[in-house]
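Same order as they appear, the protein sequences are chains S and X. Reading the first sequence from the start, the letters are residues 1 to 104 in this note's numbering. Reading the second sequence from the start, the letters are residues 105 to 208 in this note's numbering. See structure below.
2 protein chains.
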Amino acid sequence: MDAIDPELLRGSLDLMVLSTLSSGKKYGYLIQSTLWQSSREAIELKAGTLYPILHKLEKEGLVKCHWEDDTGRRRKWYELTAVGRKQLKRRTDEWCRYVDCLRC
Amino acid sequence: MDAIDPELLRGSLDLMVLSTLSSGKKYGYLIQSTLWQSSREAIELKAGTLYPILHKLEKEGLVKCHWEDDTGRRRKWYELTAVGRKQLKRRTDEWCRYVDCLRC
DNA sequence: TGGCAATATGTTGCCTGGCGATACATTGTG
DNA sequence: CACAATGTATCGCCAGGCAACATATTGCCA
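Structure below.
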């Protein structure tokens with residue numbers, strides 16, 4: 001499976017991250033690998049892109065996070081807040097409307 | 105119909121313009137109004153965004169253009185080249201793959 | 001007739017956002 | 001023991017979107 005031109009993803013990166021979190025809490029690196037695998041290696045979200053997004057989403061109150069150290073691995077787990085879940089729905093609907101317009 | 109957050113369109117603007125031209129040659133202002141109407145006023149492509157895109161697509165050889173003055177209105181008509189049509193197909197496929205990944 | 005909206009195309013310059021590069025700590029592997 | 005992988009983070013460059021502005025013509029209404 002060929003990689004999807006990262007250019008095409010601009011504008012929907014926030015949505016992509018929120019969407020990934022809808023199936024349960026995840027830490028950054030896991031979000032990356034989830035996307036990579038579930039897209040069959042077509043979507044590679046870079047660290048320099050992901051972490052600033054997560055920090056922004058946290059600041060906006062769409063996600064909350066907490067550190068965990070259980071495995072020795074220092075991990076920062078993120079999960080959707082109630083507001084985040086609402087936003088995800090709103091943005092997903094908007095996205096669908098847009099897809100309809102471009103009529104795939 | 106609410107407007108679609110312009111932020112969401114970033115990255116697929118080129119595709120949107122190419123796509124609009126697939127149904128026949130158009131001039132800039134007509135591309136704008138076509139998008140505006142066919143999206144039921146959800147997508148408003150600004151002049152400051154559109155014209156630079158058209159110039160870029162022309163430079164890349166994806167569209168060709170010619171001036172016409174028939175109605176007194178000075179219009180620059182754009183149409184897809186063979187290369188442009190191929191690119192449109194390639195990018196549309198890529199877009200569809202992406203939509204599958206985000207699973208609307 | 002005079003003025004304003006709509007039609008039509010274009011450029012300049014600001015600001016944001018993506019991401020390559022880099023940094024750093026720990027764990028797993030050959 | 002070195003190197004890959006895991007894990008999080010920031011800095012700074014560059015490209016892209018678009019508000020604002022410039023300019024010309026046509027159509028409409030008072």
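Glycine residues also receive a C-beta, built at the ideal position from the N, C-alpha and C atoms.
Simplified DSSP assignment, three categories, for residue i
i	result
R74/S	coil
K86/S	helix
K129/X	coil
S39/S	coil
M1/S	coil
E58/S	helix
R10/S	coil
L45/S	coil
Nearest residue (CA-CA) to residue i, options the options
i	options	result
H170/X	K129/X, E111/X, R201/X	K129/X
L184/X	L139/X, D174/X, R201/X, Y131/X	Y131/X
P109/S	E94/S, V99/S, V17/S	The shown model of chain S, from 1 to 104, leaves out residue 109/S, and the question about it has no answer.
L13/S	L119/X, D118/X, E111/X, L117/X	E111/X
R144/X	A107/X, Q191/X, V187/X, D197/X	A107/X
R73/S	I43/S, L30/S, G84/S	L30/S
G84/S	E60/S, C96/S, T34/S, S33/S	E60/S
S127/X	H159/X, R114/X, G115/X, S142/X	S142/X
A146/X	G152/X, Q136/X, L154/X	Q136/X
R194/X	R114/X, D109/X, L119/X	L119/X
L125/X	A151/X, R114/X, T138/X, L113/X	T138/X
V63/S	G11/S, W77/S, D69/S	W77/S
R149/X	T196/X, D109/X, R179/X	The identity of residue 149/X in the sequence shown is Leu, whereas the question assumes Arg. Closest option to L149/X, Cα to Cα, is D109/X.
L154/X	L113/X, K190/X, W199/X, A186/X	L113/X
L161/X	E172/X, A186/X, D173/X, W140/X	A186/X
E94/S	L192/X, Q191/X, T196/X, L206/X	L206/X
L88/S	S19/S, M1/S, G11/S	S19/S
Residues bridged to residue i (per DSSP)
i	result
C169/X	Y182/X
| message | Which residues of the region 34 to 64 of chain S have a Cβ closer than 9 Å to any Cβ of chain X? Give them in chain order. | response | Cβ contacts with chain X: L35, S38, S39, R40, A42, I43.
| task | Anything in the region 170 to 197 of chain X with a Cβ closer than 9 Å to a Cβ of chain S? List those residues in chain order, please. | result | Close to chain S, meaning a Cβ-Cβ distance shorter than 9 Å, are the following residues of the region 170 to 197 of chain X: R195, T196.
| request: Can you give me, in chain order, the residues of the region 113 to 137 of chain X that have a beta carbon less than 8 Å from any beta carbon in chain S? | output: Within the region 113 to 137 of chain X, the qualifying residues are L113, R114, G115, S116, L119, M120, S123.
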